Structures are given as structure tokens and as C-alpha cells.
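*Asks:* Encoded as C-alpha cells, here's the structure I'll be asking about.
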Amino acid sequence: MKNNGSFKNAGSSRAKMWRNILLILGAVALIASYFADIRDPHPGTETQDNRPYVEQAHKDGFQTLHARVTRVADGDTVYIKDDEGKEARVRLLGIDAPESKQAYGVQSAEHLKRNLRDAGYHVQVIYRGRDQYGRIIGKLVADGKDLNLDQVRTGNAWVYRNYLRDLQPGDKNLYLNAEENARAKRIGLWADPNPQNPRDWRRDHPRN
């Protein structure tokens with residue numbers, strides 16, 4: 001009988017030991033999960049202010065600036081004010097829209113305005129830096145939509161081939177395919193069988 005009691009006590013001790021180990025492991029897992037949530041409160045979906053987050057934004061030297069568009073100059077240039085109240089001019093990267101006085105220039109600007117209006121004029125500007133005129137050269141994203149690409153896709157801008165190398169990885173083919181498709185379907189400015197490239201228009205109409 002004494003031996004049986006010893007076995008029972010030993011078994012009870014082992015059971016308690018394993019319960020304690022499991023409790024400790026569970027507590028460690030909860031603590032690890034808590035700190036993981038602090039590091040990344042919204043992994044891969046949204047920023048803390050619930051605006052769309054573009055996962056490529058911080059790859060290859062790109063930065064993201066949250067801003068509100070205050071004015072649309074034309075189909076590839078806007079003015080913004082960031083969350084700190086700083087104003088800047090943004091030139092849309094990788095595209096070239098008709099100038100304001102050029103054929104289809106008004107339509108191009110209006111299409112960009114509609115996209116911005118639908119998003120409440122809140123955008124993310126994904127960029128690397130500024131040009132010699134102090135303009136931010138970047139991609140506008142509103143409600144998850146690449147507005148630069150949409151200008152090309154809807155026949156409201158050309159792909160600016162001189163700057164294809166500055167696009168984010170994967171964007172080059174998207175932009176070129178979008179232009180080819182718009183041209184084939186005669187969408188937007190491509191309804192004209194021979195639209196004038198903005199680069200050529202600027203050459204023929206130099207600023208004084």
C-alpha cells in the first residue's frame with residue numbers, strides 16, 4: 001500500500017509539473033503575440049490612420065508622403081499639402097499628359113480631378129526625390145488606385161519613356177501595356193489617329 005501511495009504522489013507531482021509548464025508556455029506565447037501586434041498593428045493592409053498602404057512604398061529607396069491635393073494644374077501635375085501643412089508641387093512619375101492648351105489637355109486634367117474627388121483628395125505620394133525645379137516626382141495612390149497608371153490606361157496620358165527606369169519594380173510593363181491597350185482601343189486621346197506627343201508640343205510652343 002505504501003508503494004502505491006508513492007506512485008500516486010509521484011504521478012500527481014508530474015501532472016502538476018506539466019500543467020505548470022503548459023501555463024508558462026501559454027503565457028510566453030501571449031506576451032510574444034502582444035509585442036508583435038505593437039510592432040505591426042495593421043500588417044500589410046492599412047496605416048494607423050486607415051488610409052491605404054502600398055507595400056512597395058519603402059522598397060528601393062521610395063518613401064510615402066500622406067497628403068491632400070489642393071489643386072490640379074494639368075493631367076500630370078498637382079499641388080499638395082501634407083499632414084504638417086507643408087505645400088509642394090508633384091509631377092506624376094512615368095507619364096506625360098497633354099499640356100493645358102494642347103488638344104485633350106482639359107479632358108486629361110478633368111479625369112485626374114474626378115479620381116481625386118472620388119477619394120476626397122487624400123493621396124499617398126510614393127517618391128524618391130525632387131527634380132531641378134523642386135517638384136516631387138512620384139506616384140499618386142488614392143484608395144489603393146495608381147492614378148498615374150489610370151491616366152495612361154484611360155487614354156489621358158502617354159508613358160514618359162525617358163523616365164521608365166525611375167519607376168518602381170513591376171510598373172514599367174504595367175504602364176507600357178496600358179498605353180498599348182488604350183491606343184489599340186482608341187480610348188481618350190487615342191481617338192485622334194495622330195495625337196501630338198506633349199514633348200513635341202512643348203518644343204513647338206516654347207515658354208517665353
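So that you can map any letter, position 203 of the sequence shown is 203 in this note's numbering, and since no number is skipped, the others follow by simple counting. Glycine residues also receive a C-beta, built at the ideal position from the N, C-alpha and C atoms. Here the structure is a predicted model, which means the values were calculated and not measured.
Please go through the same chain and pick out, in chain order, the residues whose beta-carbon is closer than 8 Å to the beta-carbon of ASP166, but skip the five residues on each side of it.
*Replies:* Same-chain partners within the cutoff: LEU93, GLY94, ARG128, ILE137.
*Asks:* Once you ignore the five residues that flank ARG135 on each side, which residues in its own chain have a CB closer than 7 Å to its CB?
*Replies:* Answer for ARG135: ARG89, VAL90, ARG91, listed in chain order.
*Asks:* What does a CB cutoff of less than 8 Å around ALA36 pick up in its chain, not counting 5 residues either side in sequence?
*Replies:* Note that ALA36 scores 40 on pLDDT, short of 50, meaning its location in the model is unreliable; the coordinates nonetheless yield the value given after this. Contacts found: none.
*Asks:* With a threshold of 16 other CB atoms inside 10 Å of the CB of GLU110, please say whether the residue is buried or exposed.
*Replies:* Exposed, since its Cβ has fewer than 16 Cβ neighbours within 10 Å.
*Asks:* May I have the straight-line CA-CA distance separating ARG161 from ILE80, to the nearest angstrom?
*Replies:* Taking the straight line joining both Cα atoms gives about 25 Å.
*Asks:* Can you tell me the Cα-Cα spacing of LYS86 and ASP74, whole angstroms?
*Replies:* If I take the Cα positions, the gap works out to 21 Å.
*Asks:* Just to confirm the assignment, what range does the beta strand (DSSP E) spanning ASP74 have?
*Replies:* Residues 63-74.
*Asks:* Which class does HIS205 belong to by DSSP, given the choice of helix, strand or coil?
*Replies:* Coil at HIS205, not helix or strand.
*Asks:* Counting only the same chain and skipping the five closest in sequence on each side, list residues whose C-beta sits under 6 Å from that of ALA142.
*Replies:* Around ALA142: ALA119, VAL123.
*Asks:* Measuring alpha carbon to alpha carbon, tell me which residue in ARG207, PRO206, TRP190 is nearest ALA103.
*Replies:* Of the candidates ARG207, PRO206, TRP190, the one whose C-alpha sits nearest the C-alpha of ALA103 is TRP190.
*Asks:* Which one of TYR121, ARG199, ASP192 has the shortest CA to CA distance from HIS66?
*Replies:* Comparing Cα-Cα distances from HIS66 to each of TYR121, ARG199, ASP192, the minimum goes to TYR121.
*Asks:* For GLU84, count the other beta carbons within 10 Å of its own beta carbon; 16 or more makes it buried, fewer makes it exposed. Which is it?
*Replies:* With fewer than 16 other Cβ atoms within 10 Å, it is exposed.
*Asks:* Would you mind sorting GLN168 into buried or exposed? The rule is 16 or more other CB atoms within 10 Å of its CB.
*Replies:* Classification of GLN168: buried, given that the 10 Å Cβ count is 16 or more.
*Asks:* Which first and last residues belong to the beta strand (DSSP E) in which ASN164 is found?
*Replies:* It is worth fixing the name first, because residue 164 is Leu in this sequence and not Asn. Neither: LEU164 is in no beta strand (DSSP E) and is coded neither H nor E.
*Asks:* Name the residue from TYR175, GLN63, PRO198 whose alpha carbon lies nearest to the alpha carbon of ARG130.
*Replies:* Among TYR175, GLN63, PRO198, the Cα nearest to that of ARG130 belongs to GLN63.
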